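Participant: Take this structure, written in structure tokens, and hold onto it; I'll ask about it next.
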Amino acid sequence: MSAATEIITEQSQPRAISLRWIISAREDLIWFIGSVAASYALLILYSAGILPLIPMVAGWAILIDAPHVFGTFSRTYFDASEWKTRKRLMLGSLLFFVVGPTMVLLGAGFTFFFLAALWAYYHLVKQHYGFMVLYKKKNNDLAPVDNALDRWLLMFAFNYPFVAFIASDPNAMARVPAVLRGGVNAVAMILLIGTIVLGIGWLIRQLQRAISREPLNVPKYLLLAAAIPMHWIALMTPMPAKPIALVAILTVYHNLQYHRLVWFHNQKYKERGHPGRNEGEARTKFGPAALISRRLLFYIAFGIIFGIIYQGPRQYLGYLNLHTGDSPAALSTPIQLGVAFLWGYAFIHYYLDSKIWRVRRDPAVGKALQMS
């Protein structure tokens with residue numbers, strides 16, 4: 079790992095700027111911050127009518143999104159060492175395949191797809207929060223007041239444009255249960271006010287830090303400056319079939335961030351950097367994970383194969399039949415059951431992700447990410 083720290087003041091003075099990266103300045107700026115350009119590229123190409131909806135969504139889902147789900151599986155289900163410590167968690171997570179079909183059979187398919195969409199967006203927000211926390215830890219930016227302001231600003235600033243989009247887009251509102259529709263505008267207003275108040279408080283705190291010569295966490299600032307405006311711009315830009323198009327536009331940034339983090343983490347499976355460990359020992363200890371992460375080409379190939387298996391049928395059953403923007407609940411019951419079952423892969427990814435990246439609780443993760 080390469081970590082750069084720029085010290086503007088004399089060594090006897092407090093640091094004015096903190097520049098410690100997760101991997102390195104170059105890698106972080108390209109993958110964790112600069113990859114937001116992929117979302118802007120899809121937004122521009124689609125809004126301009128250059129990139130059609132179905133090729134954009136299907137290509138993204140099979141070649142980028144599903145492989146990022148596989149990235150989670152590569153360091154859980156395919157890791158023999160994880161089965162020794164997380165067996166109950168991983169087996170229990172398989173029950174997510176049952177949740178959707180059960181709700182569809184009980185006549186609650188509409189509610190299921192609404193909740194699934196909410197969890198998907200929340201997962202995006204939580205990943206941005208997770209990267210922010212990594213930068214906070216790397217740069218010792220852990221004062222309670224900053225932790226609170228960072229957390230609440232991020233939650234409000236990401237959720238306001240999402241709720242405002244739902245309130246203003248008829249297709250999106252049609253996917254909301256009728257009992258909740260009357261309160262969407264009120265929730266949007268509360269989130270907007272909260273974002274403004276928190277934003278002002280956050281800026282005042284950064285000014286206070288600068289005046290008092292407390293280190294300014296520049297990587298954190300760059301991450302927030304990349305992620306928050308992109309969500310606002312994408313969610314407020316008019317476009318056809320917006321509820322479906324936004325899935326690819328918003329998520330591709332998240333995917334690329336995640337792929338790079340997983341690949342960085344998965345270097346622990348390789349014999350390189352461990353002189354006493356040969357390839358056979360790595361496979362004995364880690365199982366298939368060692369093979370998957372032996373070469374970047376292997377990781378990509380396995381991810382695309384998984385994408386064809388998982389997202390190929392999902393695209394056919396779901397999005398390719400929903401280019402009008404209708405809720406999946408408008409489909410026939412057999413197709414709803416298929417789509418709901420396939421949501422299980424995403425749910426497992428969301429759930430496991432919330433458990434396996436806890437640096438403070440899992441020293442092995444901190445070691446793999448070289449957080450110390």
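Counting with this note's numbering, you get residues 79 to 450 for the letters of the sequence shown.
Beta carbons: idealized from backbone N, C-alpha and C, even for Gly.
Model, not experiment: these values are computed from the prediction.
1. How long is the line joining the alpha carbons of Val265 and Lys204, rounded to whole angstroms?
2. Kindly list the residues whose CB is nearer than 7 Å to the CB of Ser171, restricted to its own chain and excluding five residues on each side of it in sequence; keep chain order.
3. DSSP puts Asn295 in a beta bridge; with which residues?
4. Start and end of the alpha helix (DSSP H) containing Ala226?
5. Straight-line CA distance for Leu313 to Phe240?
6. Taking Cβ positions, are Ile453 and Leu131 nearer each other than 9 Å?
7. Rounded to the nearest angstrom, what separates Asp219 and Ser410 at their Cα positions?
8. Less than 9 Å between the beta carbons of Ile111 and Leu300, yes or no?
9. Determine the DSSP secondary structure at Leu409, reduced to helix, strand or coil.
10. On the CB-based measure, 16 or more other CB atoms within 10 Å of its CB, does Pro412 come out buried or exposed?
11. Given a threshold of 16 other Cβ atoms within 10 Å of its Cβ, counted over all protein chains shown, does Ser371 qualify as buried or as exposed?
12. Note down the Cα distance separating Ala250 from Ile244, rounded to an integer number of angstroms.
13. Does the pairing of the stretch 357-369 with the stretch 154-169 give three or more beta-carbon distances under 8 Å?
14. May I ask you to verify whether the stretch 279-287 touches the stretch 212-232, counting CB pairs closer than 8 Å and requiring at least 3?
15. Provide the residue span of the alpha helix (DSSP H) that contains Thr379, from first to last.
16. Rounded to whole angstroms, what is the Cα-Cα separation between Phe148 and Gly390?
17. Span of the alpha helix (DSSP H) holding Ala367?
18. Can you look up Phe419 in the DSSP assignment and give me helix, strand or coil?
19. Out of Lys216, Glu359, Leu302, point me to the one whose CA is closest to Gln448's CA.
20. Roughly how many angstroms lie between the CA atoms of Phe236 and Tyr155, to the nearest whole one?
21. In whole angstroms, give me the CA-to-CA distance for Val340 and Arg439.
22. Helix, strand or coil for Pro179, going by three-state DSSP, please let me know.
23. Three or more C-beta pairs closer than 8 Å, one from the stretch 191-205 and one from the stretch 282-291: is that the case here?
24. Of the residues Ile140, Lys445, Arg104, Ala115, which one's Cα is nearest the Cα of Ala304?
25. Do Trp109 and Gln345 come within 9 Å of each other at the CB atom, strictly closer than that value?
26. Please look up how many angstroms separate the CB atoms of Ser117 and Ile274, rounded, as I've assumed it's under 8 Å.
27. Express the C-alpha separation of Gly444 and Ala319 in angstroms, rounding to a whole number.
28. Go through its chain and collect everything with a Cβ distance to Phe192's Cβ below 7 Å, but skip five positions before and after it.
Facilitator: The answer reads as follows:
1. 20 Å
2. Ile426, Tyr429, Leu430
3. Ser96
4. 222-246
5. 6 Å
6. Lying before the first or after the last residue shown, residue 453 is absent from the chain, which here runs from 79 to 450.
7. 51 Å
8. yes
9. coil
10. exposed
11. buried
12. 5 Å
13. yes
14. yes
15. For the sequence presented, residue 379 should be read as Ala rather than Thr. Where Ala379 is concerned, the enclosing alpha helix (DSSP H) stretches over 374-395.
16. 14 Å
17. 366-370
18. helix
19. Lys216
20. 31 Å
21. 18 Å
22. helix
23. no
24. Ala115
25. no
26. Actually they are not in contact, since the Cβ atoms of Ser117 and Ile274 sit about 24 Å apart, beyond 8 Å.
27. 41 Å
28. Arg253, Val254, Pro255
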